[in-house]
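> Sequences listed follow chains U, Y, A and F, in order. All residue numbers for the first sequence refer to the UniProt record's numbering, where the first residue is 1 and numbers rise by one. All residue numbers for the second sequence refer to the UniProt record's numbering, where the first residue is 1 and numbers rise by one. All residue numbers for the third sequence refer to the UniProt record's numbering, where the first residue is 1 and numbers rise by one. All residue numbers for the fourth sequence refer to the UniProt record's numbering, where the first residue is 1 and numbers rise by one. Okay, here's the structure, questions in a sec.
4 protein chains.
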Amino acid sequence: MTADDLVSLRRDLHTRPEPAWREFYTTARIVSELESRLGDDLTELYVGPDALATDQRMAVPSDAELTHAYERARGTGVDESVLEALEGGYTGAVAVIERGEGPTVGLRVDIDGLPREESDDPNHAPAAAGFRSEHEGAMHACGHDAHATIGVGVLERIAESDEFSGTLKVFFQPAEEVIGGAKSMAESEHIEDVDSLLAMHIGLDHPTGEIVAGIDGFLAVRHLEAEFTGESAHAGGHPEQGRNAVQAMAAAVQNLYAIPRHNDGKTRVNAGRVEGGSASNVIPESARVVGEVRGETTELMEYMSEECERVLEAAATMYDCEVEIETGAEAPSATSDQALVDLVADVVGDVSGVENVLERDDLGGSEDATFLMQAVQDNGGNACYVGIGTDHPGGHHTATFDVDEASIGHGIDVLAGAIERIARTQS
Amino acid sequence: MTADDLVSLRRDLHTRPEPAWREFYTTARIVSELESRLGDDLTELYVGPDALATDQRMAVPSDAELTHAYERARGTGVDESVLEALEGGYTGAVAVIERGEGPTVGLRVDIDGLPREESDDPNHAPAAAGFRSEHEGAMHACGHDAHATIGVGVLERIAESDEFSGTLKVFFQPAEEVIGGAKSMAESEHIEDVDSLLAMHIGLDHPTGEIVAGIDGFLAVRHLEAEFTGESAHAGGHPEQGRNAVQAMAAAVQNLYAIPRHNDGKTRVNAGRVEGGSASNVIPESARVVGEVRGETTELMEYMSEECERVLEAAATMYDCEVEIETGAEAPSATSDQALVDLVADVVGDVSGVENVLERDDLGGSEDATFLMQAVQDNGGNACYVGIGTDHPGGHHTATFDVDEASIGHGIDVLAGAIERIARTQS
Amino acid sequence: MTADDLVSLRRDLHTRPEPAWREFYTTARIVSELESRLGDDLTELYVGPDALATDQRMAVPSDAELTHAYERARGTGVDESVLEALEGGYTGAVAVIERGEGPTVGLRVDIDGLPREESDDPNHAPAAAGFRSEHEGAMHACGHDAHATIGVGVLERIAESDEFSGTLKVFFQPAEEVIGGAKSMAESEHIEDVDSLLAMHIGLDHPTGEIVAGIDGFLAVRHLEAEFTGESAHAGGHPEQGRNAVQAMAAAVQNLYAIPRHNDGKTRVNAGRVEGGSASNVIPESARVVGEVRGETTELMEYMSEECERVLEAAATMYDCEVEIETGAEAPSATSDQALVDLVADVVGDVSGVENVLERDDLGGSEDATFLMQAVQDNGGNACYVGIGTDHPGGHHTATFDVDEASIGHGIDVLAGAIERIARTQS
Amino acid sequence: MTADDLVSLRRDLHTRPEPAWREFYTTARIVSELESRLGDDLTELYVGPDALATDQRMAVPSDAELTHAYERARGTGVDESVLEALEGGYTGAVAVIERGEGPTVGLRVDIDGLPREESDDPNHAPAAAGFRSEHEGAMHACGHDAHATIGVGVLERIAESDEFSGTLKVFFQPAEEVIGGAKSMAESEHIEDVDSLLAMHIGLDHPTGEIVAGIDGFLAVRHLEAEFTGESAHAGGHPEQGRNAVQAMAAAVQNLYAIPRHNDGKTRVNAGRVEGGSASNVIPESARVVGEVRGETTELMEYMSEECERVLEAAATMYDCEVEIETGAEAPSATSDQALVDLVADVVGDVSGVENVLERDDLGGSEDATFLMQAVQDNGGNACYVGIGTDHPGGHHTATFDVDEASIGHGIDVLAGAIERIARTQS
């Protein structure tokens, strides 16, 4: 069973989902939880800019968006001094417990929400139980509210543990959904001495009570943004004088999805957000596509990226428009180390409520945790990405996604157990 | 020469462009000008809901948009009691001068701005002279600031005239750009007793000093809005579970413009504003097209409208999405009566600064003034749409549009002269 | 009434439709008719290469196609010596009657068929009456069988006339449907001394008994052929290794039709014939579009042509293909001279069976007769394009097109009458 | 070393590539080779209809195509009585050697060519050595000329072998490239008593000297043919009266390739052959797509098939056209049995010239051999698909494909060796 107060925490975070680099309330709330729950057991707490290589943030939103979210957080009663530290979109935190001799174990949990509306269907649990998102156009549709809660729970458990000797660092990472945050933590000093890193995700189509010891199959990913510029004209009087950026964009979208499939493995493309034009009677002079490409390997991702650029440029040319393409945030692939996979699989046997353990499974998506995993592995350490099953009514990133709160307890049990075991093993 | 104070009025309106049904500041400013300039000479002034058949407004924006513009206007110091009358988007005014026996002459001027950003090029006159739009994303890019000013100027001139006997009604019409306002004035009581109606437009590729006595060639127009609904999914993990509304929209846009040309005359289609999707990693579940069709005749407009609907529906089906299509505001065609065209052409000879008069020309666009023209003509009256040339650096509806302020004086001279002549002729 | 033997001629030509530059049987049959009907009244008969500026032929088909049609004609029993003169696709003829003093009057009739299958619906008159096309994939779907017959009939009538003094030249022109033949006649010596030229077309949505004295509104036209080249690959094994020419072609087609409409007048584009690829399991390495653009003026045609080229090139780039674009045959616009229009309109009054005469109408299509009209007009002569109404069940160029044979007689009456009148007037 | 006379056979077959169901010359030549090489050692030879379940042929071409190929074969001097047996497209043969007690072993080789032009680059070996395809538009671009030769070679080897006891049946299968032939052999009586089946393919990106003991990863496949029907019209005069089948087809092609990728595995779609329209000045009334879908599993192939149908139907609707979709030939997936894979891998060690053996590899394409493999496996037998490496300059199905003739010998050695071993093992 998950402690009621952790469920409260998760639900509170759920009502205030904050997308990438706008996790102001979220970070402040985590800080306040840690301080009240751990007190002196918390050796260090690095907040906001102190937790990051600040020049390595990717996919930071506009000042207007940052300010809007910041002001919203200020109205909630959280500690203003913490908020001030985060201003400008330096969110996230690294919490450290040092407890004698032993290895340094890292745990990475991500904390950001998604820019999408949550279902208001009365059968959707958050709506029914009164903790539906209060932020218009934002939702914890991927379970990071539960991740952050598990991070807090693991710290609390280890603080109370008799079986842990060593150092635990929990990375409360911002901006995963835009694959924008992990790199700035992976390039900070905090990762340098980590001997073993655990990362985790809830759900992923695994039911409550099922654990995946080692997740692989991370798709390499790159974000793309294309801005088409043409020329406006009166749509009734002189359509021929326009250079129609929306036609260019539409031609691009149609043909982006039609890039040939590749025999070497999975490829993906998505024009996830588009917009263009101004009014019905004006030939559109601008249009924009915000999208992404992925590949089962970095090479496949690069293949998609190159094809995309050619399609975008040709579509612009087709309508005598210009296009500026910016490649944004990206993340590599990574693999869970067998030693840690075995260890996690072994620990799971002792966890109450867990009925099934899979040794390996594929993510089938992307994750910037791979930056942190690679950093640790490059330093000679081990890394493992653990899946915590949860019954979820809607798919990830959809309006009806939700988690079975029982799985929060499973996550804490599995991860705290693995952390104790790592410390014991590596001492 | 245009009086300096009228130039000031035009520039002030230019800095505060307000798109359809949000002409709060604009209406209040016009009211205050008329009261101070005409005083007791103004027989009646119908403001906002009193000027309209309130249930005939078309293309009214959302409450949020109305409120945003309303609150902005409240901060400008205009008369709050006038503003309150307009609340909810009941903008515009009808000003009446009754002066003895004689016919009732109408003049229609439109007052709304466009939802597009104005150029900040230092060579763009409004930027250079300090009256560039202060409203982000809005601009007087079609000269309605000058139209409103001409309306005020004509009322002032007739008030001071010795040669006018009869009734003058000036219709300060809102929401022309969305062809949403004229119908509600055409169905109000104010149009019923109008014997002769003049409407006017500045520019239209005619230079300063050129007047078109009778403009025709109005394209019939209809607004369309299509909302595509699919199903979201994680773009990396399960693209096949999505039903991609942006792909549907892009297919629609491409094929809308490819509707066959028609041998019977001009046809138009424009997907003027599109948007869709939420985030780069989510298969888009919704997308929207705001567009329009036009035709040289109502039949041709209907042809385009039917073809559009089929394309939109098929595009939705193609991606297993649904689409809801709403047809919005529309306007018919109309013709200027020869008697008034002759009269205007005759008057123009006396106007200083006018060097050239064309009897007829085609608009090549659409105009909801046609509702008012038809209403008057259906009642047995005459109507005429006059073009007032003005040098304009950029085309209508583009970021660098501007008017030559000398043409404001030409407009007042021509229209006031024609009104006097009509009154004299028809008495 | 049309003479039965002329109806027989028309029906015989109808059964053997021969598209551009393959009018072998057609030319030979016309030659044989003229020789038997006119005998010594025929002053000169220039056949095939003698009728043309042979280096000015446009849109000549492949040797294989020429040979196929030539061999087919050889099997029909027509005069082999005439056929031999035509070999290689030098078809058509110029027939001359010289009769004393007077002007040189030209009449141009076109003689080619279209590459399309004729309807086999038993209600389709040619099918019902047993003269449906015997040439697979070819059809007289535009009435040129009737045109050729009228040319023969007019020569016969003038040969028998007491009222003609001067010279008559009838141009039996090949390859009109590909706008490929008129130029080579317009650049031949035969046109140089023509003082007045009549050209004609049957049908054009005018019913039997209606004559249009002067047709205008010829759309300027240009043919385009685009050959896309990519790279083939196994569609199952390595789709990513292909560069898909059919995708490029499809993108081009979609966007060609979406070129913006032009406010200055009619524009047209058609991808009339496309093909690409080889087998279902091979990524297509080649594809082809055979199309055309038109415009109400030459400028509008050029606008379309330039836009097309950009679309074709961008579509190729989009799929990493190459494209070779060849612009083929083209024709300018032209206008019927008022003096001839008046003369024709006047003559029509005397023709039995004609109930209605329109002074002017627009063609709304293209015609390479404009080359001949321009040549005569450039030499100081007059030209006029006459419309001979005929009830036609299906539209021009469709499978169920047919002519009302009564209109053949109307055509002969109107044109021979006009020729007599011209000779009389200009002497 | 491959015997010179087998090289001659292969080259002769190479010059006369015959696509699906037109293997008239090919079959007759194989028959004549077998008769002259094996004489009385050949127990039975079932030719044409005697080798097939004649009502199970799929993807049979038109009578005209069959007749054309048949007449061509008649001109080559092959045995007319054999040809007559094949008339109507009943091609292929089953050759049987019965030699005492023992199991019945099958070997399947396919014999058809592809409908694509061969390279005439002088560096392309067949062009250089004078055995380039003499059949316009056809080519052995997948090595089936070598397959047929290997089939003959294996029969000859076994006929001469001291180590074989049992029955050998070699299936010379027609129409593999259209996945049209295997089913009719799989449903014939000849397969019923086969205990072990070997199938084989040359090349597949494996170099000369490399053998794959067991190939898997066959993609399930289905052929699709879509016929769009609209309405023609004159492209200049009345484009609006047409219903453009080429626009419908182009919209379909663009969107077929854009069907979402599926996370469960490989999916494929190809519009391998398209055509439409008639002439540049006629709005196209018909268009056709010949294509295919594939999937790593039958479910994935069905997913693609359903999506395709929706896209095709919606594209037709979009342009007010009709579409008829026919699903054609198809093939399932299959797996090589481990026992045979082990046996083949073991045999390969003894074969001279073979330097490398892979136990397993994926085909990544489709093959109708799966019908025969399934039939044998369903009867309780074993099946195995063997890959024979060959250096090939161009990819399979491309104009520069060719085989290294040394690999013909490897194929005979490996397969004959395996057949002997199977007989020995299973006796």
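Note that beta-carbon positions come from the ideal geometry of N, C-alpha and C, so glycine has one too. Note that the structure is predicted; figures quoted are calculated from it, not measured.
Just to confirm, are Ile111 (chain A) and Glu23 (chain A) a CB contact at a threshold of 8 Å?
yes
> Cutting at 6 Å between CB atoms, please list the residues of its own chain near Glu57 (chain Y), excluding the five before and the five after it.
As written in the sequence, residue 57 (chain Y) is Arg, which differs from the Glu given in the question. Answer for Arg57 (chain Y): Ser184, listed in chain order.
> Could you pull out every unbroken alpha helix (DSSP H) segment of at least 4 residues lying fully inside the UniProt domain "Peptidase M20 dimerisation" (225 to 316) of chain Y, listed in chain order?
245 to 256
> Identify the contact partners of Gly89 (chain Y) in chain A, using a Cβ-Cβ distance below 8 Å as the criterion.
Those do not exist, as Gly89 (chain Y) stays about 33 Å from chain A at its closest Cβ, beyond 8 Å.
> Between the segment 96 to 112 of chain A and chain F, which residues of the former have a C-beta closer than 9 Å to a C-beta of the latter?
none
> If I measure Cβ to Cβ from Leu45 (chain F) and keep anything under 6 Å in the same chain, skipping five residues before and after, which residues do I get?
Ala95
> Which parts of the segment 379 to 420 of chain A are runs of the beta strand (DSSP E), unbroken and 3 residues or longer, counting only runs that do not cross its ends?
382 to 388
> Tell me which residue opens and which closes the alpha helix (DSSP H) that Ile211 (chain Y) is part of.
First-last for Ile211 (chain Y): 210 to 216, but that is the beta strand (DSSP E), not the alpha helix (DSSP H).
> Less than 8 Å between the beta carbons of Gly276 (chain Y) and Val274 (chain U), yes or no?
Yes, these two residues count as a Cβ contact at 8 Å.
> Count the other CB atoms, across all protein chains shown, that sit within 10 Å of the CB of Gly214 (chain A); report buried if there are 16 or more and exposed otherwise.
buried
> In whole angstroms, give me the CA-to-CA distance for Ala3 (chain U) and Ala248 (chain A).
60 Å
> Let me know if Thr425 (chain F) comes out buried or exposed under the rule of 16 or more other beta-carbons within 10 Å of its beta-carbon.
exposed
> Since Ser263 (chain F) meets chain U, which of its residues come closer than 8 Å, beta carbon to beta carbon?
The question names Ser, but residue 263 (chain F) in the sequence shown is Asn. The answer, in chain order, is Lys266, Gly364.
> In angstroms with no decimal places, state the Cα-to-Cα distance between Gln241 (chain Y) and Val354 (chain U).
Their Cα atoms are separated by approximately 28 Å.
> To the nearest angstrom, how far is the alpha carbon of Gly409 (chain A) from that of Cys321 (chain F)?
39 Å
> Step through the CB atoms of chain U and report whether any lies within less than 8 Å of the CB of His234 (chain Y).
By this cut-off, His234 (chain Y) is an interface position.
> Inspect the beta-carbon positions of Asp120 (chain Y) and Arg132 (chain Y) and report whether they are closer than 8 Å.
The answer is yes: Cβ separation under 8 Å.
> Does the structure place the segment 284 to 296 of chain Y close enough to the segment 289 to 300 of chain F that three or more beta carbon pairs sit under 8 Å?
no
> For Asn255 (chain U) and chain A, any beta-carbon pair shorter than 8 Å?
yes
> For the segment 114 to 187 of chain A, list the alpha helix (DSSP H) runs that are entirely contained and at least 4 residues long, ordered along the chain.
125 to 128, 144 to 160, 182 to 186
> Between Val282 (chain A) and Gly272 (chain F), how many whole angstroms is the CB-CB distance? I'm expecting something under 8 Å.
6 Å
> I'd like to know if the segment 191 to 207 of chain U and the segment 304 to 318 of chain U are in contact, where contact means that at least 3 CB-CB pairs between them fall below 8 Å.
no
> Would you call the segment 200 to 209 of chain A in contact with the segment 212 to 229 of chain U, where contact means no fewer than 3 C-beta pairs closer than 8 Å?
Because the criterion of three Cβ pairs below 8 Å is not met, the segment 200 to 209 of chain A and the segment 212 to 229 of chain U do not touch.
> Please look up how many angstroms separate the CB atoms of Leu312 (chain F) and Ala252 (chain F), rounded, as I've assumed it's under 8 Å.
5 Å
> Hey, Asn255 (chain F) and Ala315 (chain F): beta-carbon distance below 8 Å or not?
yes
> So for Asp342 (chain A), helix, strand or coil by DSSP?
helix
> By how many angstroms is the C-alpha of Gly328 (chain F) removed from the C-alpha of Thr67 (chain F)?
22 Å
> Identify, in the order they occur along the chain, each residue of the same chain with its Cβ nearer than 7 Å to the Cβ of Val403 (chain A), setting aside the five sequence neighbours on each side.
Gly143, Ala146, Ile202, Gly203, Thr390, His392
> Among Y:Ala199, Y:Leu155, Y:Leu114, Y:Ala331, whose alpha-carbon lies nearest the alpha-carbon of Gly387 (chain Y)?
Y:Ala199
> I believe Ala383 (chain Y) touches Asp337 (chain Y) by the beta-carbon criterion, under 8 Å. Please report the beta-carbon distance rounded to the nearest angstrom.
6 Å
> At which residues does the beta strand (DSSP E) containing Thr327 (chain F) begin and terminate?
322 to 331
> Where does Gly137 (chain A) land, buried or exposed, given buried means 16+ other C-beta within 10 angstroms?
exposed
> Just to make sure I have the definition right: I need the residues of chain A whose C-beta is within less than 7 Å of the C-beta of Ala258 (chain Y). Which are they?
Gln254, Tyr257, Ala258
> Please tell me whether Val221 (chain Y) has its Cβ less than 8 Å away from any Cβ of chain B.
Here chain B cannot be found, since the structure's protein chains are U, Y, A and F.
> So Met249 (chain Y) contacts chain F; which residues on that side make the cut at Cβ distance below 8 Å?
Going along chain F, no residue has its Cβ under 8 Å from Met249 (chain Y), so there is no contact; the nearest lies around 13 Å.
> Between which two residues does the alpha helix (DSSP H) carrying Ala65 (chain A) extend?
Per the sequence shown, residue 65 (chain A) should be read as Glu rather than Ala. Residue range 63 to 74 is occupied by the alpha helix (DSSP H) that includes Glu65 (chain A).
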